[in-house]
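Residue numbers (our numbering), protein chains in the order written: chain A, 1083 to 1764; chain B, 358 to 497. Ideal Cβ positions, reconstructed from N, Cα and C, are used throughout, including at glycine. Keep in mind it's a predicted model, so treat the numbers as computed, not measured.
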Amino acid sequence: MEDLSQLQLSEEDIKSLKETFYQQAVELIESLVQETLSLEGSKDIGSKLKTIKRIFHTLKGDSASIGLKELSHLTHRAEDLIQAVENKSVDMDGDVTDILLRIADCMSGAIDASRTGKETPITAVMMGAIDDFFKASGTGFQPVMTGKMPVPLEHSLSEYEKLLLSDFRRQEKNIYIATLWFSKDCQMKSAGAVIISQHLPCLGDVIKVHPPLDSSEVESVDTIGLLIASAMARDDVKNLCNIPGVIGDVAIEELREEGGLAVVSNDIAESTRASAKIAAASPTGTIRVESEKVDQIMNLVGELIVGRSMIEQLLSEFEERFPREELISRFAYANSFIERSLSDLQRSVMKVRMLPIDRVFKRFPRVVRDLAKASNKDVRLVIHGEDTEVDKGLVDVIGEPLIHIVRNAIDHGIETVEEREASGKDRQGIIALEAYHQGNDIVIEVRDDGRGIDPKRLKEKVLEKGLISQEELEKIDDKAAIDFIFLPGFSTAKVVSEVSGRGVGMDVVKAVVEGLRGSVNIKTEAGRGTTFVLRFPLTLAIIKAILFNAGERLLAIPLGSVKEITRVFTKDVELVAGREVLRMRESVIPLVRLDEAMNLGSAGRKRSKLFVIIVSNGDRDIGIAVNKLLGEEELFIKAINDRWVSTNIVGGASILGDGKVVLILNVDAIIKKASGVKISNF
Amino acid sequence: MEMRNKEETAVSPYRFLIVDDSVFARKNMSKVVEMIGAVVVGEATTGKEGIEQYFKLKPDLVIMDVSMPEMEGLEAMAKIKERDNDARVIIVSSMGYQELVKKALILGAKHFISKPFDPAKAAEIIQFVLKEIKTVNSEQ
C-alpha cells in the first residue's frame, strides 16, 4: 500500500481500504493479545516473539499507509521493545506482558477513535510508558537497533539467493530460518564464527548467512541469521546448531512457500493455529463481506419464506375451488420445488452467518487474567469447544453477558487462595467456558469450581430488599430461589466495571439472553461451584414451530422445546395448592392455560378432553393446554420491538402465508412463570 | 592413526595430551579432563615438547595453548597435522589472540576454549568435540 494521499483514489476506494484496515487491525490486535498472554510460561518464546513482532510490523506499515502516523510510531516503538526482549537486553517477565497488553489497548483505542472519526487519543502517553519501561529495566534504550537486527533475512535476498531458494524448494528440501545467539561467554566471536562456518555443511545447504561469517561485522552482533535448505527435521537442525562455547541459543522456523513464516512448533498447537489464522487472512478463496449485506440476504430469505407460504395457501384454496383442475399437480410440484430450493438457500445463508464462538471466547484469557489480578485470586481459564459455530447475531452480543457471568464467578464464586487451601481445594480456581451443540440448540456453559450459591442467603437478601413478601418466599423451593439473582435490583455490585465499562446486573444478562430467544439456567452445589447454562436456538432468524390456538389467538412454540403432545381428560387434571397439575407417568407437572394467563378469552373450557403440549427448558417440564393444534411450520421471526406486547412470554412474531400474525412464545419464560415465582418485578 | 573400535571406546577412557607453559593452566585443565571421565596421558610445556609427546603417546585429543615459548601452539599444531592429519586439537587462548585462534581453526583445530574458562563450560566443549570423534569413528 502506498501513501493514500499520493494516489488518485475515489472517496469510495479510500473508504473501503480504510474499512479493510480497521477490520484487519482489530483481528491483528486480538491475535496480539492472545500471543502475549501465551508468552507467560511458554517454552517457545522465540517464535511467539516473532509472531508478535510480525503483527506490529504489519500494523506499522498499514497504519502509516492509512495516514495514522501516531499509531505507526507507536507500533515502531513496540517493535523496538520486542527487539530488546529478543536480544535479551530486557528480561521476559510479567512486566513485558503487561506493557504489551497496554500497547494493545492503546492501539485498539486509537483505531476505534480513528474509525469513529474522533481525535486519536494520546498515543504519546503510551510511548512515554514504553520509554519508562526501558529505563526501568536499565537497558539504556537504543532507539535504533537496526544494526543489531537487520532486515529479516528472507526479505533481503539477492536474485541469485532467490534462485537458490527456489531450486532447493524444487528439490523438496525444508527451508529454515535460524537465528543463532552467541553464547554470553563467547569472547571471541569471529573465532566462533569460523567454527560455525565449519559446522554449517552438516546442517544442509546454506543459502544465506547474515552477517557473513568471515566479516568483521561478526564481532559487533549478538546474532547470526541463517537461511538454510535441509532435508533434516527442524529439531535435528536446531540440535546441530548448538555449539557449546559459541552458541547460546537457537531459534529456528520453517519458511513456507507463500513467503509468510509459518511457525512450526509441536508443543504449542494454539500458537500455530493463531499464526495460521493470520496467514489465512490473505489467501484467495476468502472474501470479506460486510455483515450487513449477509443480514440483508437473510431478511430476503425470510421474506421469500413468507412468500412461499402465500403460494401454498393459494394452492390449497385453488384445490378447493377447482378440485378437478389438471394444473393443480403441476402447481403443487412447482411449489414443492420452490420449497426445497428455499430451504437449501436458507441453510447456505445460515452457514455464512455462522462463526466459531472462538471470536467471543478469545477475549476471555485477558478478561480472566485481569479480573483475577484485580481481585487477588489465582484463576485458570479452561476453554472447550471454541470451534463450535454459532450465529453471528449471537457472537455479536453474547460477549458482554458472558463477561458479566465470568466476573461474578471470579468475584463471588472463586474463593481466595487461603480459603481454597483451608477447604482442601487446589490453590488455583478454575473458570471453564464451554460451547457445544445439543439438538437444535447451542449451549454455552460457564463453570467455576468456587463456593457455589447459597439459596438461603439469596432468600434473606431478597426479603431484606423487599423484592418479595415472606409468605410468597415460603412457597419457593431452593432451586427456584437461585433465580433470584436475575431479579432487577438484586445485584448490589452496581460498580462501574473496568472490564465491561458499565455496571450491569444479572437481570441485564437475562434480558440479553432472552432477547436472543435463549434461556439461562443455573446449577450450583455448595462448596463445589456453579454452572451457568446458556441455551440458544441454532439460528436466530428462522425456526420450526408448532402452531396452535389458545382462545382465539394464534400462537407458536419452537419445536425444539416441545417434548411431546398428548391428549388428556379434563377430569384427570388435579389441583395441588390451588394450581392445576397433570400426572405424567412418574412426574407431576404444572398445567398452564394460556387463554387465561394471557386474557385471550376462554373458548373450550367445557370440553372433556384437551390437547396438552409438554414443553421443557432442559430443566423443568410444563404442560400447555391448547384448543386446537394447527400443525408445524417454518417461521421467520420478526422481533417485536414495540412493547405493546407487555409480556416477556412472547419472544417474537411471524407472518403466515395467509397474512395472519402468529406470536411465538418464549418457553423458558412461561416455564419460570408457571413454576410459581410470583414476584412483582418478574 | 590407529582407530579405536567401538568396544574399546566403551571401556577405555579417552586419552588427552595437555600442552601449556603454565602449571596452573595444565592443572586446571587436567581437572576438567578428569571431570568428564577421561585421562591425561601426558603434559608438555612447549610446542616442541608437545610434538614429541604427541607422536610418542598418540592421544585422542590435544589441548594446546596458543602462546608458548620455544614454539607457538599454532606452529606445533601445524607440525603435528603435517604428519598426522587426523590429529584432534582444541586450542586454548586468552583474550587478544583471536586472530591466532582463527588461524588455528582454519588449519584444522576442532574448537577453542578461551581463558579464563568456567570448568563446566570447558567440559561441555570437550565433550562436544569427543562426540564428533565418536560419530566419525562409528561411521568408519
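Backbone CA spacing between residue i and residue j [nearest angstrom]
i                : j                : result
S1364 of chain A : R1599 of chain A : For S1364 of chain A, the pLDDT reaches just 40, beneath the cut-off of 50, and the residue's location in the model is therefore unreliable, although a value from the coordinates is still provided. If I take the Cα positions, the gap works out to 36 Å.
I1325 of chain A : L1282 of chain A : 11 Å
K1100 of chain A : I1148 of chain A : 7 Å
P1293 of chain A : K1444 of chain A : 40 Å
M1270 of chain A : L1322 of chain A : 20 Å
K1142 of chain A : S1373 of chain A : 27 Å
L1119 of chain A : N1169 of chain A : 20 Å
Q1520 of chain A : D1473 of chain A : 15 Å
V1749 of chain A : L1463 of chain A : 32 Å
F1103 of chain A : R1370 of chain A : 12 Å
L1424 of chain A : F1566 of chain A : 44 Å
D1175 of chain A : A480 of chain B  : 31 Å
A1608 of chain A : K1561 of chain A : 12 Å
S1171 of chain A : S1302 of chain A : 15 Å
L1397 of chain A : I1379 of chain A : 27 Å
I1625 of chain A : S1154 of chain A : 47 Å
D1162 of chain A : F1216 of chain A : 10 Å
K1538 of chain A : L1569 of chain A : 16 Å
S1248 of chain A : T1261 of chain A : 21 Å
A1504 of chain A : G1705 of chain A : 46 Å
K1375 of chain A : F1138 of chain A : 31 Å
K1125 of chain A : A1333 of chain A : 12 Å
N1458 of chain A : D1173 of chain A : 24 Å
F1651 of chain A : L1673 of chain A : 13 Å
A1186 of chain A : A444 of chain B  : 58 Å
One or two residues paired with residue i in a DSSP bridge
i                : result
N1256 of chain A : A:S1312
A1707 of chain A : A:R1675 and A:V1694
Y1518 of chain A : A:V1525
A1735 of chain A : A:K1720 and A:L1745
E1715 of chain A : A:A1627
H468 of chain B  : B:I447
L1637 of chain A : A:F1630 and A:L1745
Beta-carbon proximity list for residue i, same chain, < 6 Å, skipping 5 on both sides
i                : result
D506 of chain B  : For residue 506 of chain B there is no data in the structure shown, the boundaries of chain B being 358 and 497.
K1507 of chain A : none
G1495 of chain A : D1530, G1532 and T1612
I1041 of chain A : Lying outside 1083 to 1764, the shown extent of chain A, residue 1041 of chain A is not represented and no answer is given.
Same chain, Cβ closer than 8 Å to residue i, five either side skipped, listed in chain order
i                : result
V1594 of chain A : V1479, I1480, E1482 and P1483
A461 of chain B  : V423, G430, L431, M434, V446, I448 and F469
I1647 of chain A : I1628, F1693, V1694, I1695, I1696 and L1711
P476 of chain B  : N385, K388, V389 and M392
Other residues of its chain near residue i: CB distance less than 7 Å, five sequence neighbours each side excluded
i                : result
G1330 of chain A : W1263, F1264, S1265 and K1266
G1713 of chain A : L1629
Check whether residue i and residue j have beta carbons under 8 Å apart
i                : j                : result
L1676 of chain A : L1616 of chain A : no
I393 of chain B  : M421 of chain B  : no
K1645 of chain A : S1601 of chain A : no
I1512 of chain A : I1535 of chain A : no
I1212 of chain A : R1136 of chain A : no
M425 of chain B  : G404 of chain B  : yes
Q1116 of chain A : P1447 of chain A : yes
V1663 of chain A : I1671 of chain A : yes
I1752 of chain A : I1731 of chain A : yes
S1297 of chain A : Y1258 of chain A : no
Y1518 of chain A : G1467 of chain A : yes
M1208 of chain A : L1131 of chain A : no
Residue of the options minimising C-alpha distance to residue i
i                : options                               : result
V1591 of chain A : A:E1094, A:V1488 and A:G1609          : A:V1488
V1319 of chain A : A:T1102, A:V1749 and A:E1336          : A:E1336
T1470 of chain A : A:D1493, A:I1439 and A:E1497          : A:I1439
Q1395 of chain A : A:V1383, A:V1732 and A:I1410          : A:I1410
G1274 of chain A : A:R1462, A:N1730, A:T1305 and A:E1385 : A:T1305
R1529 of chain A : A:Q1520, A:E1516 and A:P1537          : A:E1516
A1735 of chain A : A:A1751, A:V1749 and A:L1717          : A:L1717
E1678 of chain A : A:A1632, A:I1334 and A:K1557          : A:A1632
N1417 of chain A : A:L1386, A:E1094 and A:M1432          : A:L1386
F1618 of chain A : A:K1255, A:I1096 and A:V1477          : A:V1477
D1740 of chain A : A:E1596, A:V1288 and A:S1391          : A:S1391
P473 of chain B  : B:F485, B:V389, B:S450 and B:L487     : B:S450
R1502 of chain A : A:M1436, A:R1610 and A:D1523          : A:R1610
L1795 of chain A : A:V1655, A:I1420, A:S1669 and A:R1665 : Nothing about residue 1795 of chain A can be reported from this structure: the residues present for chain A run from 1083 to 1764 only.
request  = Could you name the residues of the region 451–469 of chain B whose beta carbon sits closer than 7 Å to any beta carbon of chain C, in the order they occur along the chain?
outcome  = Of the protein chains in this structure, namely A and B, none is chain C.
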